[in-house]
RNA sequence: GGCAGCGUAGCUCAGUGGUAGAGCAGGGGAAUCAUAAUCCCUUGGUCGGGGGUUCAAAUCCCUCCGCUGCUACCA
């Protein structure tokens, strides 16, 4: 038996995520997980996500909201978890990087790296603010740019002249948090991960995956390797995070925490442990993550391109370094799927500027499936993609309402009017049905291949072609004409059409699970236990004559021009 | 500044050496079961400009223009 492990890049806990965040990792991970469950069975698939909760941004956002940081994170974790469920994201666990399980694992990884000699203590100089009683990250120090004189330049880069800066370059520096000039440069000690020692191994590993990963992922990874890996600080002078254990460096880093980027990917494992603990099988995580128990697992990671360096360099170094001399090495990722950006009407989605459409707002407008379909059919796979309201409405109306929704409606209404709401038994499949079966077999094969390759746009095009093939069949079979002269032939067309709805509902379920469920419910057919198949002929004979069904309300209502205009107005698109 | 990616039909995008493709929009036809929803056919592009390699270039190389991202303390 083969098993599949899927992780989505962790959304930062800092507020509601926008559609760009959704389509860049969580949504495709869910679609892929749903497909794999249909193929392998739910027990052989594990899909993991979590909120990424540590780091200075969470601390500062909590201050702004007037909440203790732990409460702040708990609150926004719940919000994100609920929104994910509302989007039908079917993660086996949506965890928290601040969990005790992740704390334990992060410390375990750090101890292994320390023991293996891949961590060292270095002294760095950092800005400390007396007023804020904390060390400031470079970008939280502001002052006058020495190059252009801009008086609100940040310590990492001047936004005015774009030059890269060091905080000590700034004239009249002050804290961006309190505005206080009472700051000083202090020595502080940090743990550094010796990434540079892994260059050759990483290059060989990435090269070996070049054929399977996309150019987006490999080109970013090679870029970092070509520029030369630098050792990376993995601790921070913060309160909120996983504490550095005292048994590393003889307690020299007491009171410091690990950098959010060190503990966040470890939460993939942490969230699996949370899952195992919650279901009362605390050892169940081992067979997904430790070799040789996880030898039959293929591990897929989904992420936006900003995350690729951390998943091709940072986390692999953590894993490889901890694995040296280990009896049960950690599972390394097999396939990385990266996404470009989804832009909003020509500009960037922006959390800080509230530009674009956010997950909670989207669901106020339309059901999740409409968004899921649009986003996946136009996923930013090959290059950055662009969201516009007109394109969105056009896609939803044409694909979901006209092609799919109307297909279901026209068959069930006709069958009810002419065959009393039961699957008719007369007639036998003929030329039209054979043609349909052959067409479906070819389309399903292509659809499956594209899902396997995680080519989601192409998979959506195939799925849509399957819906079109359904309409094509109905048009050719024309039961409304046959019913006048050959009731048995009309019955065959109706029976085939109803079975086709069932097959289409199952095939569509990874992308539009709610609509799929509604179709199957109307047919009074169960949506559990169905397995992925290319056997269209058998599927089209599944529902027996005499079976009773319902005509559901319109599956997808069309978006009206007035709504598009109103939404453009409300969200600021053109 | 450096690095990377992109620039293909009105729009959104496939296509990495062998006679330019899909969906939408536009045009024509068929059908009238259905959410006026469908199905078929079809118009439309000197593949950003220029130069080069090749029997052959959207595809490889150079250059210019435009857009985007990254640049290691953003997460």
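Residue numbers (this note's numbering): 7 to 580.
For every residue, glycine included, the Cβ atom is placed at its ideal position computed from N, Cα and C.
- Looking only at 213, 83, 250, 27, the smallest Cα-Cα distance to residue 125 is reached by 250.
- Residue 336 is bridged by DSSP to 296.
- A check of alpha carbon separations from residue 14 across 555, 22, 20, 27 identifies 27 as the nearest.
- Around the beta carbon of residue 83, 16 or more other beta carbons sit within 10 angstroms, so the residue counts as buried.
- The alpha-carbon separation between residue 272 and residue 102 amounts to approximately 11 Å.
- The criterion of a C-beta distance shorter than 8 Å is satisfied by residue 145 and residue 162.
- Closest in C-alpha terms to residue 258, from the list 241, 246, 395, 268, comes 241.
- In the DSSP assignment, residue 344 falls within the unbroken beta strand (DSSP E) covering 341-345.
- At the C-beta level, residue 565 and residue 403 come within 8 Å of one another.
- Residue nearest to residue 292 within the set 52, 94, 204 is 52 (criterion: CA-CA distance).
- Non-local C-beta neighbours of residue 136 in its own chain, meaning closer than 8 Å and more than five positions away in sequence, comprise 186, 188, 189, 190, ordered along the chain.
- For residue 141, no alpha helix (DSSP H) encloses it; the enclosing beta strand (DSSP E) starts and ends at 140-142.
- In this structure, the beta-carbon distance from residue 132 to residue 62 does not fall below 8 Å.
- The beta-carbon separation of residue 406 and residue 469, rounded to 11 Å, does not stay under the 8 Å limit for a contact.
- Boundaries of the alpha helix (DSSP H) around residue 525: 519-528.
- Taken through DSSP and simplified to helix, strand or coil, residue 55 comes out as strand.
- Rounded to the nearest whole angstrom, the C-alpha separation of residue 454 and residue 42 is 11 Å.
- If you draw a 10 Å sphere on the C-beta of residue 176, you find 16 or more other C-beta atoms in it, and that means buried.
- The alpha-carbon of residue 290 is positioned some 8 Å away from that of residue 279.
- Per the C-alpha coordinates, the member of 544, 32, 211, 20 positioned closest to residue 344 is 32.
- For residue 87, the uninterrupted alpha helix (DSSP H) segment begins and ends at 75-92.
- Annotation for residue 179: no alpha helix (DSSP H) segment contains it, though the beta strand (DSSP E) segment containing it runs 177-181.
- Bridge partners of residue 196 according to DSSP: 128.
- At a Cβ-Cβ threshold of 8 Å, residue 385 and residue 34 count as neighbours.
- With fewer than 16 other CB atoms across the displayed protein chains lying within 10 angstroms of its CB, residue 154 is exposed.
- In this structure, the straight-line span from the alpha carbon of residue 151 to that of residue 107 is close to 44 Å.
- Residue environment for residue 287: exposed (fewer than 16 other C-beta atoms within 10 angstroms of its C-beta).
- For residue 100 and residue 47, the gap between their C-alpha atoms comes out near 20 Å.
- DSSP, reduced to helix, strand and coil, places residue 485 within a helical segment of the structure shown.
- Secondary structure of residue 428 (DSSP, three-state): strand.
- When the beta-carbon positions are compared, residue 235 and residue 311 stay at least 8 Å from each other.
- In this chain, the beta strand (DSSP E) harbouring residue 14 covers 9-14.
- Straight through space, the alpha carbons of residue 109 and residue 199 are spaced by roughly 18 Å.
- If you compare the alpha carbons of 202, 367, 86 with that of residue 123, the shortest gap goes to 202.
- Rounded to the nearest whole angstrom, the C-alpha separation of residue 329 and residue 197 is 19 Å.
- Taking all protein chains shown into account, residue 376 has 16 or more neighbouring C-beta atoms within 10 Å of its C-beta and is therefore buried.
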